[in-house]
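Protein chains in written order, with our numbering: chain V, 1 to 317; chain G, 318 to 647.
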Amino acid sequence: MFEQLLQAILQGALLGGYYAIIAAGLSLMFGVVRFINLAHGDLSILGALITLSLVQILGLPVLAAIAVMLPLMAVIGWLMHMFLFERAMKGGFLLPILVTIGLGAALQNGMFGIWGSDTRSLGASIGSLAWSSWYLPGGIILGKLPVLIFGTAVIVIGALHLMLKRTGLGRAIRATASDPEAAELCGVDARQVHRAAAAIAVGLAAIAGVFLAMRAQITPYSGPAQLIFAFEAVVIGGIGSLGGTLIGGIILGLSQTLGGLISAQMSLLSGHLVFLGVLIWRICREEKLAHGGWRAGLKAVLGLSSKRRKLASGDLS
Amino acid sequence: MTDYSIRPIPQFDRAIIAGAGMAFVVFGLLPMFGSALVVDKLTMLFIYIILAVTWNLLAGYAGLVSVGHQAFVGLGAYMMLRMVEAGVPPFIAIVAGGAVIALIAWPMAAFVLRLRAGEFAIAMWVLAETIRSLVMLDPYIQGETGRSLVVLNAYDPDMRRNTIYLMALVLAGAVIVISYRLLHGRLGGETQAIRDDEEAAGSVGVSTFRVKRIIFVLSAVGCALAGTLWLASAITFQPRTAFGIQWSVFMLFMVLVGGLGSILGPILGAVLFMTLQVIFGDFGVWYLAGLGIVAMLFALHVPRGIVGLLSEKMGREPITMQKLLNPKRT
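In structure tokens, the structure reads:
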């Protein structure tokens, strides 16, 4: 029993690496561009399917296929931002949601039209990596692929962090994120920065998609589920923080594998419940700050308090 | 002295309303001579109208874009299934199953309406997925397999089809009339004020949360009614279909193409959507991909949809819910 628990905890934490990669792109877009891309998961599947075709039809080695696919996906991200998202963002906060969900529907069904409904996997193309494991003392089995994915997640997020802190582009991104107009006055082209962020985000989504295809089966309709996981990881970890994204991913992975110990159906459900719990806790905390005290805040949320909420928490300062 | 009275309904709008009333009567008589196929298609059209009108109430008038309202479609269908299992006559369960969803949506609103715009959209989606997983835990649903509403097979097929058709017609009519009356009244003004500027609306004394909550619950009940009607005509309940994201894509398409934030838009959108489905439905996924692209293009280039184009031609919106003051000065 104890071994099983330890095994689940290890697996959950490693699974979190995958969620962190796909969530990092979403978080970057949300933090820098203030844009939620509801087609993020579908773009991730698109990257995976392109890689699959390069490997299985053209016979490229997996790494070479990824090397071809990544720049392609980054360009797609850049162009999408240029032609769709920028226009959508001008129309207020409703339009991006509407445009990207339309884009998602178009992508899913378009991919179905091109690649068909079969479940596909890269598992067969990566040789022994797909199934070989390390055996640790105490009967713990550590799959090599999950460790590779987790390692990549740490490297990717570390690299992204360094890029944001140290490079010119990173400075431009941070400046644009905090105040696009002031950044423009200092000579930063905010539009180019936003496009670059979109390219990076789509690239990250594609990497995650390739990993998903390596460890599991994918279909053209797998995207929405990945978007939901990514969003959950972002919210659990705290919006706009890269380190938080990794932690959020790990918490989500842990709750899924631990829920999976109870029953297969509980796996996804417990992930959702943890996410909703975090969301409710956050709302209650905001109310607590606005009303002075947990009890008053909770009453306000549940509508028991006769006092109307007069000030948004931001107006208090 | 300026006249602050509100402008009366223009002649053209009266003609549209009269036309709609006549269409209602014609549709009501249709089962007597229409074929079974026509009746089935029209039932589906009325379900789409209910979905589009209620989602528009939420997104177009209150500015709350949800991509999780399939939660209520599925829940309505599930409630109906459960009620029928408990012995409620199926035709009563169609209405009752939809109405009880208000009891679920009301407490739910306390949390989701406190989220920011984009978060609200996806949190609703996660909620829909969560509710689907919970429903699938119910042994009666048998997981992915689902259940059928076998009780309905006991009725004569023609009688069943026509009853569901008439119920769908009446409910669609009721949803349109109720949302029209509602938007014409004080709540409509408050709702649109919140959509346009929530802080400003709050500062002039609109209790923004209460208004948003009412609209949210109404939209949930509308979607649930669409869900029960859909289950009654489709018979089979499968969690993946009932709680599928496709409902949101359909609603989005109908409302965006018809005209977001207008009373006529979603109805036109639903009619257009049904027509497209009849003509191009055989193209399968490419048809669905096309819907996504058209919705996207409309959102970007014609954000006010067909009704927006019409208003530009006419110089004003047909059957507007905006409060227009009388132009005459005395």
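Cβ atoms here follow ideal geometry from the backbone N, Cα and C, with glycine treated the same way. In this text the structure is predicted, and so the values were computed from the model without any measurement.
Pair within 8 Å by beta-carbon distance, residue i and residue j
i, j, result
"Ile-101 (chain V)", "Leu-569 (chain G)", "yes"
"Leu-10 (chain V)", "Ile-149 (chain V)", "no"
"Ala-388 (chain G)", "Leu-98 (chain V)", "no"
"Phe-437 (chain G)", "Ser-524 (chain G)", "no"
"Ser-44 (chain V)", "Ala-206 (chain V)", "yes"
"Leu-573 (chain G)", "Gly-622 (chain G)", "yes"
"Ala-587 (chain G)", "Met-571 (chain G)", "yes"
"Gln-226 (chain V)", "Leu-204 (chain V)", "no"
"Val-210 (chain V)", "Gly-25 (chain V)", "no"
"Ala-106 (chain V)", "Gly-609 (chain G)", "yes"
"Gly-544 (chain G)", "Leu-432 (chain G)", "no"
"Gly-561 (chain G)", "Thr-371 (chain G)", "no"
"Thr-51 (chain V)", "Ala-67 (chain V)", "no"
"Leu-169 (chain V)", "Gly-104 (chain V)", "no"
"Thr-119 (chain V)", "Ile-218 (chain V)", "yes"
"Ala-410 (chain G)", "Met-397 (chain G)", "yes"
"Ala-208 (chain V)", "Ser-121 (chain V)", "no"
"Trp-380 (chain G)", "Ile-481 (chain G)", "Here residue 380 (chain G) turns out to be Gly, not Trp, going by the sequence shown. Contact flag unset, no."
"Phe-533 (chain G)", "Ala-422 (chain G)", "yes"
"Arg-477 (chain G)", "Leu-469 (chain G)", "yes"
Alpha-carbon to alpha-carbon, residue j and residue i
i, j, result
"Ile-394 (chain V)", "Val-624 (chain G)", "Summary: the structure shown does not reach residue 394 (chain V), with chain V confined to residues 1 through 317, and so no result is reported for it."
"Ile-76 (chain V)", "Met-69 (chain V)", "10 Å"
"Arg-399 (chain G)", "Trp-564 (chain G)", "22 Å"
"Ala-13 (chain V)", "Phe-363 (chain G)", "48 Å"
"Leu-627 (chain G)", "Pro-620 (chain G)", "13 Å"
"Gly-293 (chain V)", "Cys-284 (chain V)", "10 Å"
"Gly-16 (chain V)", "Leu-279 (chain V)", "19 Å"
"Gln-639 (chain G)", "Met-441 (chain G)", "29 Å"
"Arg-171 (chain V)", "Ser-270 (chain V)", "38 Å"
"Leu-54 (chain V)", "Ala-48 (chain V)", "10 Å"
"Phe-344 (chain G)", "Ala-23 (chain V)", "50 Å"
"Gly-318 (chain V)", "Ala-20 (chain V)", "An answer regarding residue 318 (chain V) cannot be provided, because it is not within the stretch 1 to 317 covered by chain V."
"Leu-298 (chain V)", "Val-429 (chain G)", "14 Å"
"Ser-267 (chain V)", "Ser-255 (chain V)", "7 Å"
"Ser-222 (chain V)", "Ile-584 (chain G)", "32 Å"
"Val-452 (chain G)", "Ile-251 (chain V)", "25 Å"
"Leu-347 (chain G)", "Leu-486 (chain G)", "11 Å"
"Leu-556 (chain G)", "Lys-165 (chain V)", "The amino acid occupying residue 556 (chain G) in the given sequence is Pro; Leu does not appear at that position. Cα-Cα distance, rounded: 46 Å."
"Gly-244 (chain V)", "His-272 (chain V)", "18 Å"
"Leu-276 (chain V)", "Ala-340 (chain G)", "45 Å"
"Glu-181 (chain V)", "Pro-407 (chain G)", "60 Å"
"Ile-448 (chain G)", "Leu-504 (chain G)", "30 Å"
"Glu-446 (chain G)", "Lys-144 (chain V)", "31 Å"
"Tyr-135 (chain V)", "Val-274 (chain V)", "31 Å"
"Asp-330 (chain G)", "Ile-458 (chain G)", "47 Å"
"Ala-332 (chain G)", "Gly-463 (chain G)", "46 Å"
"Asp-42 (chain V)", "Ser-117 (chain V)", "15 Å"
"Ala-419 (chain G)", "Val-412 (chain G)", "12 Å"
"Arg-633 (chain G)", "Glu-507 (chain G)", "21 Å"
"Leu-589 (chain G)", "Val-521 (chain G)", "39 Å"
"Gly-237 (chain V)", "Leu-246 (chain V)", "7 Å"
"Leu-444 (chain G)", "Gly-502 (chain G)", "32 Å"
"Met-175 (chain V)", "Ala-183 (chain V)", "One detail in the question is off: residue 175 (chain V) reads as Ala in this sequence, not Met. Between Ala-175 (chain V) and Ala-183 (chain V), the C-alpha separation is close to 6 Å."
Counterpart residues of residue i in DSSP-defined beta bridges
i, result
"Thr-553 (chain G)", "G:Ser-465"
"Ile-218 (chain V)", "V:Arg-120"
Cβ-heavy atom distance, residue i to the ligand MN, below 7 Å
i, result
"Ser-628 (chain G)", "The ligand MN is not among the ligands present in this structure, which contains no ligands whatsoever."
For the region 409-436 of chain G, enumerate the residues whose C-beta is nearer than 7 Å to any C-beta of chain V, in chain order. Here the close residues are Ala-427, Phe-428, Arg-431, Ala-434, Gly-435.
4 or more residues per run - each alpha helix (DSSP H) lying fully within the region 119-182 of chain V: Counting whole runs of 4 or more residues, the region 119-182 of chain V contains the alpha helix (DSSP H) stretches 144-166, 168-178.
Cβ-based contacts, 9 Å cut-off: residues of the region 268-279 of chain V near chain G: Cβ proximity to chain G below 9 Å picks out Leu-268, Leu-269, His-272, Leu-273, Phe-275, Leu-276, Leu-279 from the region 268-279 of chain V.
Between the region 440-468 of chain G and chain V, which residues of the former have CB atoms less than 8 Å from a CB of the latter, in chain order? For the region 440-468 of chain G, which is checked against every Cβ of chain V, the residues closer than 8 Å are Ala-440, Trp-442, Val-443, Leu-444, Glu-446, Thr-447, Ser-450, Leu-451, Met-453, Leu-454, Gly-460.
Under 7 Å, CB to CB, which of the residues in the region 209-227 of chain V have a partner in chain G? Shown in chain order are the members of the region 209-227 of chain V whose Cβ falls below 7 Å from a Cβ of chain G: Pro-224.
Please list, in chain order, the residues of the region 79-91 of chain V that have any C-beta partner in chain G closer than 8 Å. Taking 8 Å as the Cβ-Cβ cut-off against chain G, the residues of the region 79-91 of chain V that qualify are Leu-84, Arg-87, Ala-88, Gly-91.
Taking only beta carbons into account, state which residues of the region 352-374 of chain G come closer than 9 Å to chain V, listed in chain order. Taking 9 Å as the upper bound on Cβ-Cβ separation, chain V lies near no residue of the region 352-374 of chain G.
What are the residues of the region 6-34 of chain V that lie near chain G, defined by any Cβ-Cβ distance shorter than 8 Å? Within the region 6-34 of chain V, the residues whose Cβ lies closer than 8 Å to some Cβ of chain G are Phe-30, listed in chain order.
Compile a chain-ordered list of the residues in the region 98-110 of chain V whose CB is closer than 9 Å to at least one CB of chain G. Answer set for the region 98-110 of chain V: Leu-98, Val-99, Thr-100, Ile-101, Gly-102, Leu-103, Gly-104, Ala-105, Ala-106, Leu-107, Gln-108, Asn-109, Gly-110.
Taking Cβ-Cβ distances below 7 Å as the criterion, which residues of the region 589-618 of chain G are in contact with chain V? For the region 589-618 of chain G, the set of residues with a beta-carbon nearer than 7 Å to any beta-carbon of chain V comprises Val-602, Trp-603, Leu-605, Ala-606, Leu-608, Gly-609, Ile-610, Ala-612, Met-613, Ala-616, Leu-617, in chain order.
So if I threshold CB-CB distances at 9 Å, which residues from the region 228-252 of chain V count as touching chain G? Taking a C-beta cut-off of 9 Å against chain G, the contacting residues of the region 228-252 of chain V are Ile-228, Phe-231, Glu-232, Val-235, Ile-239, listed in chain order.
Uninterrupted beta strand (DSSP E) stretches inside the region 398-482 of chain G (no shorter than 3 residues): Counting only runs of 3 or more, we get nothing.
Could you please tell me which residues of the region 618-636 of chain G, in chain order, have their CB closer than 7 Å to any CB of chain V? Closer than 7 Å at the C-beta level to chain V, one finds these residues of the region 618-636 of chain G: Pro-620.
Using a Cβ-Cβ cut-off of less than 9 Å, give me the residues of the region 541-570 of chain G that come near chain V, in sequence order. Within the region 541-570 of chain G, the qualifying residues are Ile-562, Gln-563, Ser-565, Val-566, Leu-569, Phe-570.
Name, going along the chain, the residues of the region 382-393 of chain G whose beta-carbon falls closer than 8 Å to a beta-carbon of chain V. Residues of the region 382-393 of chain G with a Cβ closer than 8 Å to any Cβ of chain V, in chain order: Val-382, Val-384.
For the region 138-158 of chain V, which residues have a beta carbon sitting closer than 9 Å to at least one beta carbon of chain G? Of all residues in the region 138-158 of chain V, none has a Cβ within less than 9 Å of some Cβ in chain G.
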